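First the structure, in the form of structure tokens, and then the observations on it.
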Amino acid sequence: MMNSEMSSSMHSGRPESDFSIECFQNYTAPEVFVQGLAGLVNQTDVEVMIRAQKQMLQRFEKTNEMLLNCNALSASRLKIATDDFKKHTKLLHDMKKDLDYIFRKIRTIKTKIGNQYPGAFAEAEAKNKPISFDEEDEIDTATQAETLDEQKDHASGDGTLQDATPAKASSSSVKNDSSVVASGNDGENYLDSFENTATDRTAKFNLPKDAPGKYVQTIPVTKLKNFLENNTLSMFTDICVEKEHFIATLTKKTYGEDLLLILLKLMHELASVPLYETVKQLYAVLFDQQHFFSQLLKFFQQPEDGGKKKKQKSKVIRPTVSREEMMEALLDFLVDGKRQINPLHEHVLKFCDSLKQVLPENANSKLERLQLVMAEPVENYPANKISIYPAIKELKDDVGPWANLQHNLTQGCYRSVEHYLEVHLNLLKEDFLLPIRTGLEAYRKSIGNNSPSSWSCDVDQIRVHYPVKLLLPCTVSKHTAKEKLLLVDLDPAERGYGDVSKRYIRLGLHETKRFLIGSMVLFSSGPELNDLIVAVVSNRDDSELRNGYIYVELIRLEDRTTADVHTSDGVNVFNRPLLMIESDVFFEPYHQTFNALARLRQDNFPLKTYIVDLQQPKNELPNYGSLDKLPHVFRYNGVEFDLKTPNNWPAKELASAARMNESQFNAFRTALTNKFALIQGPPGTGKTFIGLRIVETLLANTQQQILLICRTNHALDQFLCGVLQYTKSVVRLGGQSKNPILDAYTVNSLLQEAVPHKRVRTCHYKATQEYLRLAERFDALQRREEMVSDGISQAMVQCMQELVDALRRIHELSQLSTMYLVKDVRVVAMTTTYAARNRTLLELLRTPIVVIEEAAEVLEAHIVSSLTQHTAQCILIGDHKQLRPTTSTYVLSSRYHMDLSLFERMINNRFRVDTLTVQHRMRPEMADLLRPTIYTVLTDDESVHAYGDVVGMGRNMFFVSHTITEDGSERSVNGGDEKSKTNIFECRYLIGLCKYLLAHEAYTQKDIVILTAYNGQLQKLQSEKQADPALRGVRVAVIDNYQGEESRIVLLSLVRSGKTSDTTIGFLAHENRICVALSRAREGLYIIGNMTLLARCSKTWASVDCTLRKQGAIGDSLPLRCVSHGQTVQVNDLEDFAILTTATEKRQCICSILKK
């Protein structure tokens, strides 16, 4: 438009200046400028540019699409390559393990050949250059490659623990030099550590040595914050992997505010990890840093604004730590530290006192918490004043229980957790120590003032060996260094042919269970026990034992000087022959259970409301999850039932679906709807059956892990085989399983399938390295002390304690590794002993559901040590009318009620218990022996009425009463050393009866079991059985070991048959043992004993006698029935069985055989 106006003005003849002014009068200057530029642009060029840009955009989009496709293809190829790489890496690891195994075998073979044929081996080595093999590594090379820190630490050395070369000595040098003691079958030599002070006898592990004054880098604050963001266990493993650097961080000279806060929070989180020894070590390091608390105090003493002016030029505003946040973290840290370090250091108490001055006046809650930290340690707390390890005074006390020993409560609740722990910890300790104290008193009387040559002897409860010596191994195996640190030479001067120990042969150690790992042994200079060394057997190798060697771990040293003035100088360990005392009582279960109980407190005691306070809320559902989040409607075989309304369950449909009778259904309902449930099952009523139904239902309706615990390995295996019907996600912990079906469900089988946790494995390796360094230090201290005095220094005592603590840390890390293997398994099974030994594992797993079978046979302390604060549901299944828990001392059972189980105590205090009332095992006439004397309500299932008669017998149950006197007490020959009772007449009688029953070919050897009440009689029966090939498959057992089992035919020997004036029959009078003995048979029960004596000494046996006479099932001769004619003959003499057995084998009639 403007162009046209300009054109028209020009044609009109107006001047140009007038035209310009008139043309732009209606436009602003910017508009005029834009219009001018637009007139200069060619529209065609603009369109070309637009088309070019569209083409470029299309090409960019295609290129982007191609790149996306390329990235996707690369990602898939990378995944395939990664999987292949993992497979190849695993293959290489497996190949390395196989090669390592082959090389170890080759070295072992070379060592054995060198020991057996030294001359020929030396000649062969001289002719052929030996192949050089690398020594084993404490940790495999794969782990070293994975851990950068380990590579750095090993850069200065070879990074391996090389076995020392066995010292060589000629035969003449062995005779002349008493310092060379022996050479074992595996090539390890042992040197008398106090007769040879040469420098080459020190126990060297060839550990990588750090350069003097090496700087250890601290961990940055940002990395510590990353640790804090992880879950607790991941944080713990991260810290353990970098433990050296973390300790360097704890011991810094200066701490920033951020670092102070992060360290406090980290330590508070660590306190919740049940790996107590490692956590305690870290707390001890930080509590030793006085400047740490000084800088904390300065933080709280400065003004709230920080007391510093911010720089004007700085544009970065750094966040300051809140005083409130720091105070909360500090109080949490101090409370946790009070539990770890008790008593607190003086500088910590001073810090707390100064901190009180800076607290606001209205901070009452904070002040109360601080006052608790500053309070004096409770010296009377059971865990602080009771130790399971004996002291000299405790072993020299009068014979009998400790005067202040408290009874186990049979009625009523405990005053507090402290009261509960004091009672049970003291009972555990006394049950172990009383037999030793009694045996020592008898030992001192037996030897009198005899010379040391007669000090070795066996008395009741203990065995004494003299002389023995403590040695240090010349070589230490890498993988067993922690178990083979100190050596006991059982025969310092008695070596037979081939270096075999004469004591080993004389005592028949290869046939006994003596010196088991975990057994306690005591050392002293003489019978007076003026000094004492407490040790625990740490390794029992058969070949070493044959040569007279066992390995021990020193626990405690004491003498009169230490007992009176608390010094450690004077205890002589290595420089003279020692007296060694071995107890009949196995220490390991007591030790582990004691330690597990000692860690319990008010805030972590499991199920305290029930066990300590004896309160039983009605219908308290398990709280392993909120029922608002978890399904509370369960299903079994299509039948639904609501946990919140147990009275509305479809009882008939559910019982029919699960094939349960009414009493089993009631127990089933109680177990599922209560936090703490008791189920009593008399013999044959289906305790295992109902336990399996409960586990099956929990597996199908919850996602929670279930912990199964039994007292014996046999019961655990039997229960676990039933669980395998419902799930294969099962692991059996412990190595005593004898059922081959469970071989595929052990930890070892999981290790073959799962990849071990790499960081935990690295932590374990570093802990082992730390232990070995302490071992070297202990050896150096011991050698240095030899040159100064004959005693053991305080430094050695402290180092020995550090060795014990290091071993505990290694054990805890092993349990952490096991936890990672089994944490996702649905059912974890173990014995009570394993549970007490691995308490840390239970706390790490946090398993909410615990089912304990045979609960009435287990000591209360063992059950409580198997539970944790995370236990949300506990189901106890047992029968307190059958065998009670076993104690080593009868007086603690009879007077102090130590044999009262938690199961029975709850029933005594009127806790609800569901009793199974229908038995499916015994013939009705056998069940009549138990009712109503033992069980007021016990009915028979229809199935027990369908049993056929026992072939060849006149009656299906019979008691042969006799008056032949027992043989008396004698020591067991095989497997034990306790005195026991025997009766050779009963032994031969039952062997003859067993052969007669088998001769009919109606029964196999597995259908018959021979039971007895005494170990002595057991071994007599076994000797007679082994002499006859026809009886090799017949099982012989003691009553106590046969609870929970059954057999078609049971032959029972009661043994006791004393004089007519006798008024006691020992434990045969116990109703619990009578119940078990009479309830093992299904079809046939034949008993032999002196009923006149039994009925006179026991009301229960008198009742059994009355029932037998009503049935006509007792007499002095046994009725047998002719299979051909059905006539009955009586057997009076032992010789009659041999005649009848021969006739039966020849298919002859026995009717006229016994006619005179």
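In case it helps, full-length UniProt numbering puts the sequence shown at residues 1 to 1156. Glycine included, every Cβ here is placed at the ideal spot set by N, Cα and C. Please read all numbers here as calculations on a predicted model, not as lab measurements.
Counting the other CB atoms within 10 Å of its CB gives K675 a total of 16 or more, which places it among the buried residues. The straight-line gap separating the alpha-carbon atoms of N64 and K54 is approximately 15 Å. Between the C-alpha atoms of T889 and S1124 there is a straight-line separation of about 54 Å. Excluding its 5 nearest sequence neighbours in each direction, L990 has C-beta neighbours in its own chain below 6 Å: I1010, L1051, S1053, listed in chain order. Put simply, of A767, G681, T44 the residue whose alpha carbon is nearest the alpha carbon of H880 is G681. Leaving aside the five residues that flank F594 on each side, the residues in its chain whose CB is nearer than 6 Å to its CB run, in chain order, I388, L428. Between K652 and N637, the alpha-carbon positions lie close to 13 Å from each other. When rounded, the separation of the alpha-carbon atoms in G952 and E1083 is 13 Å.
Per the coordinates, the alpha-carbon of D949 lies some 26 Å from the alpha-carbon of K1025. Following the DSSP letters along the chain, one finds G992 inside the alpha helix (DSSP H) bounded by residues 984 to 999.
Burial is judged here by how many other beta carbons sit within 10 angstroms of a residue's own beta carbon; Q1019 has at least 16 and is buried. When the beta-carbon positions are compared, T831 and H811 stay at least 9 Å from each other.
Apart from sequence neighbours up to five positions away, the residues of its chain that approach A248 with a beta-carbon distance below 6 Å are V216, T218, ordered along the chain.
When secondary structure is reduced to three states using DSSP, K687 falls in the helix class. Per DSSP, reduced to three states, the secondary structure at Y276 is helical. Scanning A535, E558, G722 for the CA closest to the CA of I550 turns up A535. Boundaries of the beta strand (DSSP E) harbouring A677: 676 to 680, taken from the DSSP string.
Y549 is bridged by DSSP to D489. For a cut-off of 8 Å, the C-beta gap from C987 to L1021 is around 5 Å, short enough to register as a contact. L578 and G518 have their alpha carbons spaced roughly 20 Å apart. Comparing C-alpha distances from V864 to each of G1058, Q592, D458 shows the shortest one belongs to Q592.
For T1012, there is no enclosing alpha helix (DSSP H); the residue is found in the beta strand (DSSP E) stretching over 1008 to 1012. Here T232 carries a helix assignment [DSSP, helix/strand/coil]. When DSSP states are grouped into helix, strand and coil, K253 belongs to the coil group. Beta-bridge analysis with DSSP links F523 to I533, M580.
Residue ranges of uninterrupted alpha helix (DSSP H) with 4 or more members, entirely inside the stretch 1049 to 1094 and ordered along the chain, are 1071 to 1078. Where A667 is concerned, the enclosing alpha helix (DSSP H) starts and stops at 662 to 673. With at least 16 other beta carbons inside 10 angstroms of its own, D559 counts as buried. Taken in chain order, the complete alpha helix (DSSP H) segments of 4 residues or longer contained in the stretch 318 to 404 are 323 to 340, 346 to 358, 364 to 374, 382 to 385, 392 to 396.
Within the model, the alpha-carbon separation for N739 versus L716 is close to 10 Å. Taking C-beta atoms as the reference points, F605 and Q869 count as a pair closer than 9 Å. G1112 and Y504 have their C-alpha atoms roughly 54 Å apart. When beta bridges are read from the DSSP output, D458 appears opposite R463. In chain order, T832, E854, E857, V858 place their CB closer than 6 Å to the CB of R711, counting only its own chain and leaving out the 5 sequence neighbours on each side.
Linking W402 to V573 through their CA atoms gives a straight-line distance of about 30 Å.
Following the DSSP letters along the chain, one finds G878 inside the beta strand (DSSP E) bounded by residues 873 to 878.
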